[in-house]
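Engineer: This is the structure, below, for whatever I ask next.
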Amino acid sequence: MNKAELVSAVADKAGITKAQAAAALDQVLGGIAGALRAGDKVTLVGFGTFSVANRGARTGRNPRDNKPIKIAAKKVAKFKPGKKLADEVNGKGGKKRK
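Just so we're aligned, residue 1 is where the sequence shown starts under this note's numbering, counting upward by one.
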């Protein structure tokens, strides 16, 4: 599923226009990106947690000539799925029975 397909699905389920769904999705993604940029974690209960991790500098290899190259340290975005999402992906989700 790409962004356009997600916007269409949200618009259909929420009963809003695609433009409104696209604006809402852009705001959500922008909010998550802004929080990560500031070094915060974003936790969506049942869905997962977005966070930032520091990846240290390391030595790699140039695949063309196999010479060592230095790879600089950087920050990377991480996502850890919540239990509910993990269960849905693994087919264990659904409505609970009493």
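All C-beta atoms in this analysis are idealised placements derived from N, C-alpha and C, irrespective of residue type, glycine included.
Go to Gly56, then tell me how far its beta strand (DSSP E) extends in each direction, as first and last residue.
Structural biologist: Against the sequence shown, residue 56 aligns to sequence position 56. Gly56 -> no beta strand (DSSP E), and no H or E assigned at all.
Engineer: Do the segment 71-86 and the segment 45-52 make contact, defined as three or more Cβ pairs closer than 8 Å?
Structural biologist: yes
Engineer: Among Asn90, Asp26, Ala77 and Ala11, whose alpha-carbon lies nearest the alpha-carbon of Ile52?
Structural biologist: Taking the first residue of the sequence shown as 1, we reach residue 52 at position 52. In the sequence under discussion, the amino acid at residue 52 is Val, which differs from the Ile named in the question. Of Asn90, Asp26, Ala77 and Ala11, the residue nearest in Cα terms is Ala77.
Engineer: Beta-carbon separation of Ile32 and Ala24 under 9 Å?
Structural biologist: Residue numbering aside, residue 32 sits at position 32 when the sequence shown is read from its first letter. Residue numbering aside, residue 24 sits at position 24 when the sequence shown is read from its first letter. Annotated as distal: Ile32 and Ala24, with beta-carbon spacing of 9 Å or more.
Engineer: Do Lys75 and Arg58 count as a contact pair if the criterion is CB distance below 9 Å?
Structural biologist: Your numbering for residue 58 matches position 58 in the sequence shown. Your numbering for residue 75 matches position 75 in the sequence shown. In this structure, Lys75 does not lie closer than 9 Å to Arg58 by Cβ.
Engineer: If you drop the 5 nearest sequence neighbours on each side, which residues of the same chain put their C-beta closer than 8 Å to that of Val89?
Structural biologist: As a working mapping, residue 89 is identified with position 89 in the sequence shown. The answer, listed in chain order, is Pro81.
Engineer: Return the Cβ separation of Lys18 and Val7 in integer angstroms, given the expectation that the two are a contact with Cβ distance under 8 Å.
Structural biologist: Sequence index remark: in the sequence shown, residue 18 carries index 18 (1-based). Sequence index remark: in the sequence shown, residue 7 carries index 7 (1-based). Indeed, because the Cβ distance is near 6 Å, the residues count as touching under 8 Å.
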